[in-house]
Amino acid sequence: MATQTIADTGESITTGPSKSVGGATTVWCLLALVACSHFAIALKYFPRLWSQGHYQYFPLVLGVIAWLFWSRRSEIANAKTVPSPKVIVGLLAADLVAVLLATLLNSSAVGMVSFALALITAIYWCVGSGGLRASVPMLSLLVFVTPLPLDMDQHLIMKMQFLASHLASLLLDSVGAIHFRNGVILTTENNQFLTEEACSGIRSLFSSMAAIAIYGVVNRYPLWRHLMNLVQVLFWVIIGNALRVATVIIVTDNWTDRIASGTGHEILGLLVFLFIFAMAMSTDRLLTVILRLIFPAWQDPQSMEDRYESTTDNHVPSSLLNPTPLLNSYAFGAFFVLFTGASLLSANASYARFWVDQENQTVELDRLSVPKQEHLPSQLGDWQLSKFEHTYRGEDAIQAQDSYIWTYNRGDLVALVSIDCPWSDWHNLDWCYSALGWETQPNFLVSSDEHGDQGGRVHTELTMTQDHMHGMVIFSSVDRQGEEVLPPLSYRSQTMSGFLKQVMGNMASALTFDHAAQSEIRGVSLPASTLQLFAPSGRELTEQDRKELRELFFAFRQKVLASPRYQTPQ
Numbered sequence: 051m052a053t054q055t056i057a058d059t060g061e062s063i064t065t066g067p068s069k070s071v072g073g074a075t076t077v078w079c080l081l082a083l084v085a086c087s088h089f090a091i092a093l094k095y096f097p098r099l100w101s102q103g104h105y106q107y108f109p110l111v112l113g114v115i116a117w118l119f120w121s122r123r124s125e126i127a128n129a130k131t132v133p134s135p136k137v138i139v140g141l142l143a144a145d146l147v148a149v150l151l152a153t154l155l156n157s158s159a160v161g162m163v164s165f166a167l168a169l170i171t172a173i174y175w176c177v178g179s180g181g182l183r184a185s186v187p188m189l190s191l192l193v194f195v196t197p198l199p200l201d202m203d204q205h206l207i208m209k210m211q212f213l214a215s216h217l218a219s220l221l222l223d224s225v226g227a228i229h230f231r232n233g234v235i236l237t238t239e240n241n242q243f244l245t246e247e248a249c250s251g252i253r254s255l256f257s258s259m260a261a262i263a264i265y266g267v268v269n270r271y272p273l274w275r276h277l278m279n280l281v282q283v284l285f286w287v288i289i290g291n292a293l294r295v296a297t298v299i300i301v302t303d304n305w306t307d308r309i310a311s312g313t314g315h316e317i318l319g320l321l322v323f324l325f326i327f328a329m330a331m332s333t334d335r336l337l338t339v340i341l342r343l344i345f346p347a348w349q350d351p352q353s354m355e356d357r358y359e360s361t362t363d364n365h366v367p368s369s370l371l372n373p374t375p376l377l378n379s380y381a382f383g384a385f386f387v388l389f390t391g392a393s394l395l396s397a398n399a400s401y402a403r404f405w406v407d408q409e410n411q412t413v414e415l416d417r418l419s420v421p422k423q424e425h426l427p428s429q430l431g432d433w434q435l436s437k438f439e440h441t442y443r444g445e446d447a448i449q450a451q452d453s454y455i456w457t458y459n460r461g462d463l464v465a466l467v468s469i470d471c472p473w474s475d476w477h478n479l480d481w482c483y484s485a486l487g488w489e490t491q492p493n494f495l496v497s498s499d500e501h502g503d504q505g506g507r508v509h510t511e512l513t514m515t516q517d518h519m520h521g522m523v524i525f526s527s528v529d530r531q532g533e534e535v536l537p538p539l540s541y542r543s544q545t546m547s548g549f550l551k552q553v554m555g556n557m558a559s560a561l562t563f564d565h566a567a568q569s570e571i572r573g574v575s576l577p578a579s580t581l582q583l584f585a586p587s588g589r590e591l592t593e594q595d596r597k598e599l600r601e602l603f604f605a606f607r608q609k610v611l612a613s614p615r616y617q618t619p620q
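FYI, my numbering numbers position 347 of the sequence shown as 397, with every residue one higher than the one before it.
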């Protein structure tokens with residue numbers, strides 16, 4: 051038997067001959083292979099994160115995490131303990147499962163979990179549980195580069211839009227500005243303002259929380275202090291964004307519209323963020339003063355620069371560079387083979403989906419046939435066409451750029467059927483109508499076959515009320531080929547078959563090497579369009595009314611899909 055000393059700690063472990071499989075070099079090779087298995091996932095994950103405006107601060111957070119690890123390398127090395135081989139095997143196995151699930155399910159959330167597991171595995175193998183505990187503050191910052199699951203961020207955006215609009219309305223009332231609020235729309239004598247996603251405060255909220263958390267980690271705050279700072283940041287975000295919305299309305303109505311959009315609006319947003327962060331820092335300092343008044347002996351945790359001697363060279367402690375193999379040759383060989391397979395599978399899936407994106411990339415709208423009034427008949431069943439109109443909102447509109455609207459009447463009922471485009475995926479109209487002040491009861495993934503439409507399609511129904519108004523919305527989404535675009539998995543709890551279909555499609559996409567056949571797996575050819583029926587009414591709709599509205603929507607959808615726009619696809 052041989053005794054091996056763990057560098058920098060003086061601790062020793064006894065290992066048998068079978069445990070020596072090449073030393074630290076072998077460990078680093080396996081960890082490098084683990085990192086490679088995440089590379090293709092990262093190529094998909096980070097661009098998707100960047101595309102969402104409220105997560106665009108993530109490169110800064112990752113950079114700070116790397117800097118903190120480098121700055122505290124001596125502290126982590128000094129905290130090193132002997133890792134357990136069983137724990138290492140468990141972490142490697144868990145990360146392998148997470149990588150495979152992220153690849154097969156095409157899930158960014160699971161991909162982030164696998165990335166965190168890989169980082170934890172590497173740290174634990176190098177410095178054991180002691181070094182891992184010293185790394186927890188830096189690892190906790192990964193929370194701020196992990197999107198909320200199940201579209202929770204979109205629901206949060208909608209709630210914050212309402213709150214910002216409501217508080218801005220109160221501020222306008224306090225200064226005597228005449229206006230009317232309807233959901234997230236504020237109307238004055240001269241203009242109409244929509245509280246968009248960027249004005250909801252979601253970007254300020256996430257970025258301010260990340261900034262104050264980084265400040266707390268740098269200064270070694272305890273958990274309770276972190277939680278207090280995150281709560282008080284939420285308060286200042288609400289105040290700051292209500293002030294921003296009110297400022298835009300007052301300045302635009304009385305002086306200039308330069309801060310309502312464009313560069314002026316971006317500068318105002320930056321000033322609001324600086325205001326929020328400054329107030330959060332001031333509140334944090336005030337808390338320190340209060341604690342010292344209550345507890346005279348109170349001292350803030352010292353920052354790492356004060357508590358630890360600053361390292362001015364690039365020296366890396368040898369204990370970080372020389373992890374002990376610990377695993378026998380059979381375990382090493384098994385994980386080398388498994389992670390090699392995972393890396394190849396992940397790379398293949400990434401390339402396959404890139405191929406699909408190239409095949410199904412968005413074409414310019416002017417290449418598609420334009421919907422016209424004559425594409426729908428003057429009468430659909432008992433419904434009579436009374437008007438057709440085209441609404442163009444511009445490329446930067448929060449709603450669809452183009453809407454082609456046919457208005458049908460039957461008795462005292464009015465129904466507007468429309469083609470709204472372009473979208474990059476299935477679009478949830480529940481958010482739109484909720485933002486306009488309607489109280490909605492959504493029913494996703496309703497089988498159209500169950501209501502008499504034998505096309506094998508699904509649709510979504512919204513039952514709505516607003517003050518003394520009632521309404522019904524029916525909608526579905528199609529791509530430029532007329533193929534159905536289904537909602538994301540988070541909306542498919544009602545249909546296990548839909549969930550399994552998407553899972554099997556993602557698995558097939560990852561496993562197949564025939565990339566030319568990928569479009570058969572998920573043929574979403576952009577741009578997508580929403581086919582919608584909106585029926586407002588001054589009275590409560592009866593079940594017979596709803597049945598006739600469904601029949602109108604089905605007839606509308608059939609006629610639209612038979613029109614030149616979808617019969618001569620690009």
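Idealized CB from N, CA, C, for every residue including glycine.
- Using a Cβ-Cβ distance cut-off of 8 Å, the region 600-617 and the region 497-511 are in contact, since at least three pairs of beta carbons, one from each stretch, lie closer than that value.
- Taking 8 Å as the cut-off, the Cβ atoms of A227 and A292 do not count as close.
- Looking at the DSSP output, M519 bridges to Q516.
- Between S396 and I91, the beta carbon gap of about 6 Å places them in contact (Cβ cut-off 8 Å).
- Per the Cβ contact rule, the region 302-318 is not in contact with the region 251-267 (fewer than 3 Cβ pairs under 8 Å).
- With distances taken between CA atoms, L192 lies nearest to F119 out of E590, N232, F119 and Q451.
- For H315, the enclosing alpha helix (DSSP H) starts and ends at G312 to I344.
- Within 10 angstroms of the beta-carbon of H509 lie 16 or more other beta-carbons, which makes it buried.
- The beta carbon of M162 is closer than 6 Å to those of T196 in its chain, skipping five residues each way along the sequence.
- Closest by C-alpha distance to P373, out of W117, V177, L141 and G140, is V177.
- Residue pairing of D452 in beta bridges, as defined by DSSP: Y442 and C471.
- Three or more Cβ pairs closer than 8 Å define a contact, and the region 579-591 meets that threshold against the region 465-473.
- Taking C-beta separations shorter than 6 Å and ignoring five residues to either side along the sequence, the partners of E439 in its chain run I455, following chain order.
- For S474 against A578, the beta-carbon gap comes to about 7 Å, under 8 Å, which counts as contact.
- Among the bridge pairs identified by DSSP, H229 is matched with T238.
- In the three-state DSSP reduction, N291 falls in the helix class (H, G or I).
- By DSSP's assignment, I524 forms a beta bridge with E511 and L583.
- DSSP, reduced to helix, strand and coil, places P135 within a helical segment of the structure shown.
- Between K597 and L426, the C-beta gap is not smaller than 8 Å, which leaves the two residues out of contact.
- Looking only at G532, E590 and A218, the smallest Cα-Cα distance to R615 is reached by G532.
- Note that the C-beta distance between G487 and G233 is below 8 Å.
- Here Y174 is buried. Its C-beta has 16 or more other C-beta atoms within 10 Å.
- Each residue's CA atom was taken as its position, placing D452 and L611 some 18 Å apart.
- The Cβ atoms of I138 and L512 do not sit closer than 8 Å to each other.
- Fully enclosed alpha helix (DSSP H) runs of no fewer than 4 residues occupy 158-190 of the region 158-208, in order along the chain.
- Secondary structure of A129 (DSSP, three-state): coil.
- Annotation for C86: S393 place their beta carbon closer than 6 Å to its own, counting only its chain and skipping 5 residues before and after.
- H104 is not a Cβ neighbour of F212, given a cutoff of 8 Å.
- Counting only residues of its own chain and dropping the five nearest sequence neighbours on each side, A296 has a CB closer than 7 Å to the CB of A218, L221 and L222.
- Residue range I252 to V268 is occupied by the alpha helix (DSSP H) that includes L255.
- In the DSSP assignment, no residue is bridged to Q282.
- The continuous beta strand (DSSP E) containing T490 extends over residues E489 to S497.
- Beta-bridge analysis with DSSP links R460 to L463.
- Taking D529 as the centre and dropping the five residues before and after it, the same chain places the C-beta of V535, V574, S575, L576 and A578 closer than 7 Å to its C-beta, in chain order.
- Judged by beta-carbon spacing, F525 lies within the 8 Å limit of Q582, meaning their Cβ atoms are closer than that value.
- As DSSP reads the structure, Q434 sits in a beta bridge with Q429 and N459.
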